[in-house]
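Using the working numbering, the first residue of the sequence shown is number 1239, and each one after it goes up by one.
We put the beta carbon where it would ideally sit given N, CA and C, even for glycine.
Remember, it's a predicted structure, so these values are computed and weren't measured experimentally.
Working notes, beginning with the structure itself.
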Amino acid sequence: MGKSNFLPIGDGVLRSTVITVIFMIVYAIIMSFVDIGEKINAIFYLVTTVLSIMYGSIYAVRKINKRGWLTGLMVAALYMLIIYIVSLIAGNSPGLEYRGMMRIALALAVGALSGMLGINI
């Protein structure tokens, strides 16, 4: 990948992060009025991650217009790294358990598939 390809990848990661923040703010407002269970929280976080990575990957691939799966993987990996760092800053433990590893694997798969989709639309 050339140097000119890293800017759209960074922009895709930034857009993914912004989408996540917007979803989290809306969800926090909803949670202040309605009591929501832990299962719903887990589903919401998973759906937010998937939608954010899909949007960021498709955006980056549409700008680069080649190597969709690789671009999607890079967007997903950088996005998950940012989420991990924010999680550490928020006070979570640095270890990754099974659920965290599965979430990363799902994120990478969604990134690669979204990259392939972005090339073809």
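Taking the Cβ atoms as the reference, Ser1290 lies roughly 4 Å from Ile1257, within the contact range of under 8 Å. Counting only the Cα atoms, Met1340 lies some 24 Å from Val1299. Boundaries of the alpha helix (DSSP H) harbouring Ala1315: 1306-1327, taken from the DSSP string. In this structure, Gly1338 is the residue among Leu1252, Gly1338, Phe1271, Lys1304 with its C-alpha nearest to the C-alpha of Leu1284. In this structure, Ser1295 sits near Ser1254, with a CB-CB distance shorter than 9 Å. Contact check for Pro1246 and Ile1302: beta-carbon distance about 5 Å, within the 8 Å limit, so the pair qualifies.
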